[in-house]
Amino acid sequence: MHDVIIIGGGPSGSHTARRLAEKGWKILVLEKNTGVGRKTCCTGIISRECADTFEIDNRVILRELNSAVLFSPSGNAIHLHREEPQAVVLDRSAFDVLMAERAQLADAEYQFNSRVTDVTIAGEHASITGLKKGNNFQITSKAVVIASGFNPGLSERVGLGAPKDYAAGVQVEVEAPGLEETEAYFGATAPGFFGWLVPTSHGMARAGLLSRSEAGARLKQWLRRLAEQGKIMSADVKLNYGGIPLKLPPHTYGERLLAVGDAAGQVKPTTGGGIYYGLLGAEIAADVLHRALADNNLSAKRLSSYERAWRRKLGRELRTGYWARKLFERMSERQIDQVFKIIKSSGIDEALLKDKDITFDWHSRAIISLLKYQLITRTLKVFKLPFKSDDIDR
Ligand SMILES: Cc1cc2nc3c(=O)[nH]c(=O)nc-3n(C[C@H](O)[C@H](O)[C@H](O)COP(=O)(O)OP(=O)(O)OC[C@H]3O[C@@H](n4cnc5c(N)ncnc54)[C@H](O)[C@@H]3O)c2cc1C
């Protein structure tokens, strides 16, 4: 019997597998696709901090990013630029393969074409059932990690519950030979969210947006505009879709069970970026599971320390980020334009860029810093904050 079965060979699943296998546990990763990184819908932007923390090597990095331009609904632009690269763009498929290779090197086993359909806990083990090339399979293990990404159906079936809020993401690869900086568009392109155009390599770019409805139709419309403006060569491209949890599922642990990554809602609610938070969650999950396996105590009570630990690390970011997300979704195009004007005319953009603690991944500090400007809170009609405005330490 395997010690732990991990459902899903994305970055969060593979990193959990690697860390547990390195401790000597017998690990099996079940992946529904024919291999890892086969069907990814992701722009692949991670911070330099994430790349350094998880030793992501240059072979899977397409490009470094040190500047971005944000466009308001009326086309007012804010340039954000720092000398040092703040982020990198990954070859997302190659990255998934790298993470799986590291787990395999530590002796984790992978089984492909294996779609898990259910998990039941029966006394001293977990029983995992699924389909492999049309045939049913059933395997047992001491514990299970749900790392199946945004998959509310499976999360519900295993008793964790579905995320309480989510959005749809849609993305395409386009030819954009002149594009040198990341661009983000607010307003009608993606109401309540934003659209992005990110240069990758060899004149190519990823264009995408998040939305609560009609994500594909909105992207097509926007691509046609970008093509008319000459920013991209053609709007005739295949769309890729993915779901993004914006809020946590009710539980991220249970008897003999943990969830990591998107399956645990470890995603920035501001941008939908989930790679870094998922890897941080995986690190904590592997640590808690290792100790629980060593003590032969895989009860829900014992594993609850996982949720406490990862919330200590990410909880504040998720709470503040989700509050800011809901505020942003209520803003009219006029209010967004006004905020852009205030930021530019008061030099707030420069002040934020100078604050070294405001970084690509930790948004609560930037949100709270912005809300210290009365001009902004008055424009947004924010009279009471749900957190202390001097609470800006991580
Ligand atoms: C359009 C879009 C753009 C994005 N851009 C970024 C970005 O720039 N930066 C960033 O940080 N994040 C981005 N994200 C989010 C990011 O892709 C996810 O947060 C990240 O992939 C989560 O990793 P994960 O390992 O938790 O899940 P996933 O990467 O989704 O991996 C889950 C794995 O589980 C497998 N699986 C699912 N169900 C089953 C099953 N029943 N049985 C067996 N296997 C199963 C899947 O095939 C998959 O391989 C984006 C998302 C979208 C939709």
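So that you can map any letter, position 211 of the sequence shown is 213 in this note's numbering, and since no number is skipped, the others follow by simple counting. For glycine and all other residues, C-beta sits at the position ideal for the given N, C-alpha and C.
Query: Of the choices L329, F97 and T272, whose alpha-carbon is the least far from that of F56?; Result: F97
Query: Could you tell me the distance, in whole angstroms, from the CA atom of G275 to the CA atom of E185?; Result: 16 angstroms
Query: Shorter than 7 angstroms, the distance from the beta carbon of Q113 to the closest heavy atom of ligand 3, or not?; Result: Ligands in the displayed structure: ligand 1; ligand 3 is not one of them.
Query: Expressed to the nearest angstrom, what Euclidean distance is found between the alpha-carbon atoms of L221 and A207?; Result: 14 angstroms
Query: In whole angstroms, give me the CA-to-CA distance for F196 and L282.; Result: 25 angstroms
Query: Quick check on the burial criterion: 16 or more other C-beta atoms within 10 angstroms. Buried or exposed for A219?; Result: exposed
Query: Find out if the Cβ-Cβ distance for the pair R226, G194 is shorter than 8 angstroms.; Result: no
Query: Could you spell out the range, first to last residue, of the beta strand (DSSP E) harbouring H253?; Result: Counting along the chain, H253 falls outside any beta strand (DSSP E), and DSSP gives it neither H nor E.
Query: Can at least three beta-carbon pairs, one atom from the segment 99-112 and one from the segment 27-37, be found at a separation below 8 angstroms?; Result: yes
Query: Please report the straight-line C-alpha distance between T202 and P179, rounded to a whole angstrom.; Result: 10 angstroms
Query: Three-state secondary structure (DSSP) at I378?; Result: helix
Query: Got a sec? Which residues, its chain only, sit under 7 angstroms from T272 by beta carbon, not counting five neighbours each side?; Result: G323, A326, R327 and H365
Query: Would you check if the distance between the CB atom of D405 and the CB atom of K249 is smaller than 8 angstroms?; Result: The structure shown does not extend to residue 405, since the chain is modelled only from 3 through 396, so no value can be given for it.
Query: Below 8 angstroms on the Cβ atoms is my guess for L64 versus L92; work out the distance and round it to an integer in Å.; Result: 7 angstroms
Query: Measure how close the beta-carbons of G244 and C43 come, nearest whole angstrom, since I'm counting them as under 8 angstroms.; Result: 4 angstroms
Query: With distances taken from CA atoms, which of G256, A209, R258 and K315 is nearest I234?; Result: A209
Query: Once you ignore the five residues that flank S236 on each side, which residues in its own chain have a CB closer than 8 angstroms to its CB?; Result: V176, E177 and A229
Query: With distance defined between alpha-carbon atoms, name the residue in A19, P251 and L156 nearest to D120.; Result: L156
Query: Find out if the Cβ-Cβ distance for the pair L316, Y255 is shorter than 8 angstroms.; Result: no
Query: Quick check: G132 and V118, are their CB atoms within less than 8 angstroms of each other?; Result: yes
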